[in-house]
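Protein chains in written order, with this note's numbering: chain X, 22 to 574; chain L, 33 to 1166.
Where is the CB? At the ideal position from N, CA and C, for every residue including glycine.
Please read the structure below before turning to the comments.
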């Protein structure tokens, strides 16, 4: 091959200097299929250097440069339509004229399209200019209206504040009544809470003793007697312990601690709880919980008593299972103890007049709830109050309405300002005329919709449900980014990147999701076209393909 | 990896105001629970004193898994009753039928209660259906569970209880989600098509949970394996009878308390087989023990009943052994001598085998029966010396009365909801195999465990359970755990400084291997012993003892049984690009174009399940792939192949040809009564599985790969068989039940571990016969067994993008190589999760040194094609991939060697340096062939130094800097991201191809470069093998195999002794006529030559060694010697 480029001529001493200047080699080593130069520049015509490149003249078409790894690899690389890359096998014919003609034909069609696109773009720019004028006018109007609305709002606010102050005065008075009521009824509440607390202590002890009886039967009975009543008891007790496995341990622990420790523990509990006696609401909450626990406890005691009662009535007296007999005796003792406790409870009730206490507590609670919860407007105490209420309501309603008018205008103004002054609408406002315009593509399962400079969505064709793919977040390389869409589970927020090819129409050509929840849209539109002036110059003068430097061989 | 909360998304409860009360209804979606602390009334009182007394009800209308699990978890909370810090918890109480509807619960909460959690009717079922994809579109997860909480009595208390109860509910839901979803998804390994909400939510759970708790309750532990427990019980009785056996330092040869003895006068030598009758003292069932002698020193020991009640499964050998086990090269009867002796009152038989190569003997004692393999009169392997031999003889089923509870699971056992009824009854067997004088044993892959196998009776520095061999799909498996994974090879190697021996336990049923270590007092010192105990559930006991003594001997012996790895299709050694999934035809071609654009070579691009028409394999989804043939043609034009996935499950769909044919011909696995197809669930939902044990079915399946059956496939398409353990969703341990039936009325129990290999084999047969003349197939399989190496490559399954899994990849690939499964690799980058670029790069740098090199990633991961990371990452990844291509001649030559010798391709250090004790447990470096040592960078901390031990007395060279190290020496290195530590052993000649192409297809005519790494005594040698890379013509001589030798300043090339002078050889030489050596690089020369004299074809020419680069110790380039690859030549340095 001939070296025609000025760079590939031997120097005075018949040598070649690598293009990066790093090495001088005999000129015979240029293109000798051995890589000498570190920059690969001595082998532009072979595949010897991995970092080299090969130049195809491609006469009749566009010249190209390919990595030297594609030289003589047995493939007619389409970039080298003249087939010179496979010079060793000469297997590749020169198809440059044919291809060049085809490409030029395509180019002509494209040029027409680009022409149309450019004209459409010019129209968009012209329309944008008009629109800007219109919008500026609208802005001036709205700003004037906003000024008026602000004044109206201030007047309404003054009136409302005055009336509210009057109302607040009254509320303070009522709060005084509330706290008075609370203070006066607190002793009743405290008495009731303490009464309940004592009752709970007793009931817990009841449950503990029942559990211990049952436990001893379960662990100590003699299975060889095979007493049906005992088996049933064990079975049913197992259901209970399975559901509340902690209770048995707790009962055992309590039993083990001895009566002194028990009294101490209960006293500590009482001291703890006593902290609530200083405040009506806290005390009331405690009572609610006590009542709840009492329900739970009586449920348990009833359940467990039933089990033991059934044993007592049903066990086979002929068997001498000491554990069972002990349990039956224990149960009788328990029942007697329970009777005593109940009696003691009744005595206590009488002593503190529990019925009266309960009655007063209920009344106080109801009264307080009514006071706290009732809205001031509904607090009819007199005709004057009612009138005042209406006056306040009207003032408030006027205030809200003025505020809403003001903020609606204010947001219109700031939207317009943002659009006209702060939004990137592309060169010459080209996007102003199409902002918000939506185009879509049906891909079978879904329809994708891109609303220009606004938002992108995925719409299910099955149920029309809409998935947000993001809002416009800016331009990248002439394309659009839509970001911050609906979040994917364990994935990113959905987003879409749109790239544009020149056309007079705005369309979506294709959508892919190369990775989870990140969409790529191929689109067309006039804003991707050149300006009319550039397009209408003769095609031949358009250097579409970057010219390749001719280090040709 | 951090834990990912599944409860990340807040669900705002609606707050409804009604009169005096606030009723707060929280509707809780399964995976979104959040309880905002709502401050309505100002201060939140710290009411901890009381809260614990508040009772909350659990109301279960579902009576399914959700209810059970959640109730249980919540009730467990109550156990905190007494502990002070948990005082603030409300008490959960189970409701026993007091409510009839959620409305009643709501009413109760409003009037009386504090709160209630309602598990709605049908919740479990609904969830399950949604997960199966049946109703994923319409499924409303919020309808599963409802949580009512009342603020009615006291708004203040509401907040307190809410803040106390919500964590309980959260925890219960999480426990449930993990348990239930793992059950559903891991077992059905997670790939279930689950839409939207669920899919990703579950993956979030799994990503965090799997890494920490994968082999959860869904997989068996030894407590769930009845036959293993029975053998443990047997062992207990032995130990009670002879406590000495359990001592770590037992005496010499311990006298086992085994109840198995040889029947008097039953021993006789018949040709190459010694036959003995052994029986249990009390059962008296006679067992026939055969000791079969092979010519190469291998001894095969078989045992089963003399007259078994039913035939035992004995066909594993048919599928595994060379020539179906019919001709194993038996010893000549004349080389065997049988001696009878009386030693300490016990009858002993010795068979001495002497031939021209070796002399060894086998000793059998009669009472109890045991066998010792002696080499040079030193015992090396003992059978039953610890008395663990036990064979459960087949027996008639006793009447149900006598079976009783069958607590030992002889006739029936259960696992989770599954029942395994065994019509054949117990038939398992076990035996101890003990390696005398050894500390290290290796092999029995595949486990994610260190190379040197750990003891299994010791959790501290070992495991507390045996190594298990039972092929399973274990998504995101745990590391350093002897659980079974996707494949298994029951081959174990023991090595010490004198000898390397092997044991091959030929059995495809479930097998467990326990390993313990002890020291035996010896005359001179303590003799280390590795005791192993093998237990298999079914089949014939069949074990091969291989004496080595060298590594090469051992692999000759082993591969004479199972055959070596054949030469692969050459492209298969290139770079494989895979992802689940490349979306469509356009995506595939774009990725391919991008690879060209970024100058990154690759050989094959892969399609995962989504390319099919609804998971009907052998079909295409034409909406995504409108013209598969055009796509394959375009790829092929650019030098690339396409690999498509074909799984062994067949979608049950009468309009699907493959299922229809399979069904009509009865080709599927049958249920346990053989009455109908065994129905299971996999990707395509309802599926059936081809029964490859049926020869007709296997043949029919093979044909599906033919170009006229697999429509729109071309000869440039290759295959990937996944899910072939087989993976069956929602079955015990995610695979077929043991009592399902195969052809010949065999149970799955007997053949399970063969299934993946038989699927792989059938595919191989099909691909082999789709073209004429035949071309070498390439098939990747996930499941494998001994013998799988004949059919293609395997990979290590669903790993995770995590540094630990990359380290495990080193262990697993080496372990597979030790067991003869050479062509293996791990998913580079990790299948699950997104690797940081540093991890991905390090994994590329490791992956190029594994025999199989593929990147793969799961569906919901980020794309990770190299150009997506930008610089400097892109260049470093490209450099690694190009390095693989540069080294392809070396790799292909290694595969050639393996195909002849059975030697591993990647090797643990001890294999190359068998006398170096320090290396026996080393796994941070490994050898590629015998010349290259790789010290991979496996740590996220780039500053963490890597310690490299340079073994032997040789010098080593850094492959890239040529820095040399004079062994034995240890050095410490820190590598930046672009650096890798690869060393060449002095004395090696490495052939490379330095021209970078788009794929291996375009390198076939490229010239070679030879790197000569000079040894300490100025010599070197190496090999190069080339052929057409795709046909079987090499069998007729169409290959070039050269030996390069450098000595006395002369490098010569000569043809190897394997070279065949044939017409095909000549033709291939002609084809390679222009392929020459373009460069010879001499490294480590001690002299300073100035000129190279080249002699080739009788001509002689000189090349000046120039640029002054041939200084001592530096590299010296012989520029363009143009000696051609097919010729003998000589280059003399002066």
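Quick one: is residue i buried, meaning 16 or more other Cβ sit within 10 Å of its Cβ, or exposed?
| i | result |
| --- | --- |
| residue 795 of chain L | buried |
| residue 1161 of chain L | buried |
| residue 998 of chain L | exposed |
Kindly indicate the opening and closing residues of the beta strand (DSSP E) around residue i.
| i | result |
| --- | --- |
| residue 77 of chain X | 74-77 |
| residue 11 of chain L | As shown, chain L starts at 33 and ends at 1166. That puts residue 11 of chain L outside it, with no answer to give. |
| residue 1058 of chain L | 1052-1059 |
| residue 940 of chain L | 938-940 |
Taking DSSP as the reference, what is the three-state secondary structure of residue i?
| i | result |
| --- | --- |
| residue 792 of chain L | helix |
| residue 780 of chain L | helix |
| residue 230 of chain L | In this predicted model, residue 230 of chain L has a pLDDT of only 39, less than 50, meaning its place in the structure is not dependable enough to derive any value. |
| residue 522 of chain X | strand |
| residue 296 of chain L | coil |
| residue 569 of chain L | coil |
| residue 959 of chain L | strand |
| residue 574 of chain L | strand |
| residue 1161 of chain L | strand |
| residue 219 of chain L | Confidence at residue 219 of chain L is low in this model, with a pLDDT of 41, below 50, so its placement is unreliable and no value can be given for it. |
| residue 535 of chain X | strand |
| residue 899 of chain L | helix |
| residue 499 of chain L | strand |
Could you spell out where the alpha helix (DSSP H) holding residue i opens and where it closes?
| i | result |
| --- | --- |
| residue 627 of chain L | 617-629 |
| residue 311 of chain L | No alpha helix (DSSP H) holds residue 311 of chain L; the beta strand (DSSP E) holding it covers 305-312. |
| residue 432 of chain L | 432-435 |
| residue 669 of chain L | 660-669 |
For the region 1045-1054 of chain L against the region 1097-1116 of chain L, do three or more pairs of beta-carbon atoms, one drawn from each stretch, fall closer than 8 Å, so that the two count as touching?
Because the criterion of three Cβ pairs below 8 Å is met, the region 1045-1054 of chain L and the region 1097-1116 of chain L touch.
Cβ contact check for the region 176-196 of chain X and the region 304-320 of chain X: 3 or more pairs under 8 Å
These segments do not touch.
Whether or not the region 798-805 of chain L and the region 592-600 of chain L are in contact is what I'm after, with contact meaning three or more pairs of Cβ atoms, one per stretch, closer than 8 Å; do they touch?
Two segments are said to touch when three or more pairs of C-beta atoms, one from each, lie closer than 8 Å; by this definition the region 592-600 of chain L does not touch the region 798-805 of chain L.
Flag this pair as touching only if the region 320-335 of chain L and the region 572-592 of chain L have three or more C-beta atom pairs under 8 Å; answer yes or no.
Under the 8 Å Cβ criterion, the region 320-335 of chain L counts as touching the region 572-592 of chain L, having at least three qualifying pairs.
With a threshold of 8 Å, are at least 3 pairs of Cβ atoms found where one atom belongs to the region 114-123 of chain X and the other to the region 418-433 of chain X?
The region 114-123 of chain X is not in contact with the region 418-433 of chain X.
Considering only residues of the region 321-391 of chain L, which uninterrupted alpha helix (DSSP H) runs meet the minimum length of 4 residues and lie entirely inside it, listed in chain order?
Within the region 321-391 of chain L, the complete alpha helix (DSSP H) runs of at least 4 residues are 348-352.
Indicate whether the contact test is met: 3 or more Cβ pairs, each with one atom in the region 723-735 of chain L and one in the region 693-710 of chain L, closer than 8 Å.
Yes, the region 723-735 of chain L touches the region 693-710 of chain L.
Inside the region 79-117 of chain X only - beta strand (DSSP E) runs reaching at least 3 residues:
Correct list: 85-88.
Identify every run of the alpha helix (DSSP H) within the region 406-483 of chain X, keeping only runs that are complete inside it and at least 4 residues long; order them along the chain.
Segments of the alpha helix (DSSP H) lying fully in the region 406-483 of chain X: there are none.
Could you tell me which uninterrupted alpha helix (DSSP H) segments, each at least 4 residues in length, are contained entirely in the region 709-764 of chain L, listed from first to last along the chain?
Listed in chain order, the alpha helix (DSSP H) runs fully inside the region 709-764 of chain L are 727-735, counting runs of at least 4 residues.
Every unbroken beta strand (DSSP E) within the region 1069-1115 of chain L, with a cutoff of 3 residues, ordered by chain:
You should have 1071-1079, 1082-1087, 1108-1115.
Only counting runs of 3 or more residues, tell me where the beta strand (DSSP E) segments fall wholly within the region 995-1020 of chain L, in order along the chain.
With a minimum length of 3 residues, the continuous beta strand (DSSP E) runs that stay inside the region 995-1020 of chain L are 996-998, 1001-1005, 1013-1017.
Count the C-beta pairs between the region 512-520 of chain L and the region 923-935 of chain L that are closer than 8 Å, then say yes if the count reaches three, no if not.
Cβ pair count under 8 Å is below three, so no.
Runs of 4 residues minimum, wholly inside the region 816-851 of chain L: which ones carry the alpha helix (DSSP H) assignment?
Runs found: 835-850.
3-residue-minimum beta strand (DSSP E) runs that sit fully inside the region 404-492 of chain L, ordered along the chain:
Fully enclosed beta strand (DSSP E) runs of 3 or longer: 410-415, 444-447, 450-453, 461-468, 472-475.
With three or more beta-carbon pairs closer than 8 Å as the criterion, would you say the region 519-528 of chain L touches the region 469-478 of chain L?
Here the region 519-528 of chain L lies against the region 469-478 of chain L, with 3 or more beta-carbon pairs under 8 Å apart.
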